[in-house]
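Residue 26 in full-length UniProt numbering sits at position 26 of the sequence shown, with consecutive numbering throughout. Each residue gets a CB set at the ideal place from its N, CA and C atoms; glycine is no exception. What follows is a set of notes on a single structure, which appears directly below.
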Amino acid sequence: MAISARDYRKILEIIDIIYSVPDRSAMFRAVCEKLQKFIGIYSAIFAPTDPKTGEYYFNGYEVFNNSEGAMVLYLDHYVTLDPFITCEWYKNANRVARNTDLVLERSLIRSEFACDFLLPLASVFYVLAVSLVSQGDMVGTAGFHRQKQEGDFSDRDKEIINILLPHMARAIRSLFLMQGIELSKEPNGVITTGEDGRPIYMNDAAKLALKGMPMERIPEPGIGSAPAFFKSRLGTYRVRTVPLGRNRRGRLILLERYPAEHRLHPKLDAFKLSRREKEIAVLVIQGYSNREIADLLFISEQTVKDHLHVMFEKAGIRRRGELAAKVLGLRSGIIPL
C-alpha cells in the first residue's frame with residue numbers, strides 16, 4: 001500500500017517532535033504515542049549503544065507500554081533466542097525488518113522465543129525492528145511490537161518507519177553529543193553557525209584544523225548513516241554535525257582527529273609502548289609533525305625523535321610513515337579516509 005499525502009503530513013509532524021523534544025526518554029515516548037495512533041503499535045523498546053565502542057549498554061534502555069520485568073528477562077536469557085540477534089540483522093545500518101521477514105510465521109509461533117517469552121511474558125508476537133546509525137555512529141536498536149490478534153506490520157508501516165528512522169538516529173546522537181560538550185574545554189574542533197551558515201563561534205582546535213581554508217570545504221554528513229571526513233593540511237578529521245536553532249538551520253560542527261585516540265590505544269597495546277610512547281604514537285598516526293608533537297606535550301623535538309626511535313624498534317619499522325600501517329593493520333602508506 002502506497003503512502004498517502006495524509007501519511008506524509010503525519011510523518012512530518014513526528015519528525016518535528018523528534019527534533020523538538022530535548023530529552024531522549026521524552027522524545028521516544030512522544031514518538032511511540034504518535035505511532036500508536038498512526039500505524040498501531042502495542043509497545044516498544046529502545047536499546048542504546050556506547051558511542052565510543054559501538055557496544056550495547058542495556059542500563060540505558062527505554063520501554064514504552066511494556067513491563068521492565070519482561071525487558072530484564074529478555075536481556076538475561078531470551079536475547080540469545082531472538083531472530084534479530086541470531087541472524088545478526090542488528091549489524092545493518094538504518095534498516096527496518098519484521099521478525100516474520102526473518103522467520104516464517106508458522107516456525108516463529110512454535111519457537112521457544114515466542115512460546116516462552118514473546119507471548120506469555122511480553123504479551124506481543126509481531127516485531128518491527130530498526131537499527132539506528134547516524135553519521136557513521138551506531139546509536140542503538142528500537143523494536144515496535146503488536147499483539148498476535150492485531151496482525152503483522154504492513155509494507156506501508158515499514159516504509160513509514162524507514163522514513164522516520166534516520167531522523168530518530170540523528171536526534172538521539174545529537175542529544176548525546178550536546179550533553180557531552182563544554183565548548184571552552186572541548187579538545188576537538190568546534191564550530192557553531194547561524195541560520196545563514198556563517199560561523200558564530202570557532203575554538204582554537206577548529207581554527208588550527210582549517211588553517212585559513214574556507215569553511216565550505218567541511219562536508220555535511222546530514223541524516224545519512226555513513227561517516228564524513230575532512231582533510232586539511234594538518235591531517236584527517238571525522239565530521240559530525242548537530243542542527244541548531246528553532247528552524248534547525250544553524251549547525252554545531254565537531255571535528256575529531258582521525259583515527260580517534262580511544263580507538264588507537266587498544267591497537268597500540270600489542271607493541272608494549274610506555275604511556276609517553278603511546279601519546280606520541282597517536283599523534284604521529286593523526287598526522288602531527290615532530291615539532292607540533294613537542295609543542296603539544298611540552299617536550300623538546302629531540303625528545304620526540306628519541307621516543308620515535310625506541311617505538312620503531314618495538315614495532316619493527318624504520319620510518320614514521322609505516323607506523324599507521326603497522327598499528328591499523330594496513331598495507332604500508334595507506335591511511336583510511
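From which residue to which residue does the beta strand (DSSP E) around residue i run?
i, result
"VAL133", "126-134"
"ARG98", "96-98"
"LEU252", "250-257"
"GLU62", "62-64"
"PRO83", "Run containing PRO83: none in the beta strand (DSSP E); it sits in the alpha helix (DSSP H), 83-86."
"SER43", "43-48"
"LYS231", "228-232"
Between residue i and the rest of its own chain, which residues show a CB-CB distance below 7 Å, the 5 nearest in sequence each way excluded?
i, result
"TYR56", "ALA47, THR49"
"GLU112", "LEU81"
"LYS305", "ASN290"
"GLU33", "none"
"ARG320", "VAL284, LEU308"
"GLN147", "TYR42, SER123, VAL124, PHE125"
"ALA209", "GLY189, SER232, LEU234, TYR237, LEU255"
"ARG318", "PHE312"
Please confirm whether residue i has its beta-carbon closer than 8 Å to some beta-carbon of chain B.
i, result
"LEU118", "Any reference to chain B falls outside this structure, which holds one protein chain only."
Is residue i near residue j, with beta carbons less than 8 Å apart?
i, j, result
"LYS211", "LEU234", "yes"
"PRO221", "GLN135", "yes"
"LYS10", "PHE38", "yes"
"ALA70", "LEU121", "yes"
"ALA270", "LEU323", "no"
"ARG170", "ILE218", "no"
"LYS164", "ILE15", "The amino acid occupying residue 164 in the given sequence is Leu; Lys does not appear at that position. Against a cut-off of 8 Å, the Cβ pair of ILE15 and LEU164 comes out as a contact."
Quick check on DSSP: helix, strand or coil for residue i?
i, result
"TYR57", "coil"
"HIS265", "helix"
"VAL213", "It should be pointed out that residue 213 corresponds to Met in this sequence rather than to Val. If DSSP states are grouped into helix, strand and coil, MET213 belongs with coil."
"GLU195", "coil"
"ALA26", "helix"
"ILE15", "helix"
"HIS145", "strand"
"SER67", "coil"
"PHE298", "coil"
"VAL284", "helix"
"ASP137", "strand"
"VAL31", "helix"
"GLY189", "strand"
"ILE200", "strand"
"LYS10", "helix"
"LYS326", "helix"
"VAL79", "helix"
"ALA270", "helix"
"ARG319", "coil"
Would you mind working out which of the options sits nearest residue i, comparing C-alpha positions?
i, options, result
"LEU252", "ARG318, ASN188, ASP116, GLU105", "ASN188"
"ILE3", "GLU159, ILE41, ARG29, GLU62", "GLU159"
"VAL124", "SER131, LEU177, ILE41", "ILE41"
"HIS77", "SER107, ASP116, GLY140", "ASP116"
"THR236", "ILE191, MET202, VAL284", "VAL284"
"GLU150", "SER43, MET71, TYR258", "SER43"
"SER174", "GLN147, VAL239, ARG198", "VAL239"
"GLY60", "GLY224, ILE172, LEU254", "ILE172"
"LEU273", "VAL310, ARG217, LEU75", "VAL310"
"PHE298", "ARG318, ALA315, GLN286, ARG276", "ARG276"
"HIS145", "VAL327, ALA5, GLN36", "GLN36"
"ASP23", "ALA315, MET168, TYR90", "MET168"
"SER225", "LEU254, VAL139, THR303, GLN286", "VAL139"
"ARG106", "ASP152, LEU132, PHE229, VAL282", "ASP152"
"LYS326", "ASN66, VAL133, LEU268", "LEU268"
"GLU216", "ILE223, ALA205, GLY197", "GLY197"
"residue 341", "LEU104, ILE15, GLY54", "Because the chain is modelled from 1 through 337, residue 341 falls outside the range shown and cannot be assessed."
"GLY287", "ALA315, ARG110, ARG257, PRO219", "ARG257"
Between which residues of its own chain and residue i is the CB-CB distance below 6 Å, once the five residues before and five after are set aside?
i, result
"ASP295", "none"
"ASN99", "PRO83, VAL127"
"GLU301", "ASN290, ARG291, ALA294"
"LEU102", "PRO83, CYS87"
"LEU108", "ALA114"
"ILE45", "VAL63, GLY143"
"residue 424", "There is simply no residue 424 to check, as the chain begins at 1 and stops at 337 in what is shown."
"GLY194", "ILE200, GLY250"
"LYS278", "LEU268"
What are the boundary residues of the alpha helix (DSSP H) that residue i is part of?
i, result
"THR303", "301-315"
"PHE176", "155-179"
"ARG238", "Premise fails: ARG238 lies in the beta strand (DSSP E), 235-244, not in any alpha helix (DSSP H)."
"SER107", "105-108"
Between residue i and the rest of its own chain, which residues show a CB-CB distance below 8 Å, the 5 nearest in sequence each way excluded?
i, result
"GLU313", "none"
"ILE17", "MET27, ALA30, VAL31, LYS34"
"TRP89", "PRO83, ARG95, ALA97, LEU102, ALA129, SER131"
"TYR19", "HIS167, ALA171, PRO243, ARG248"
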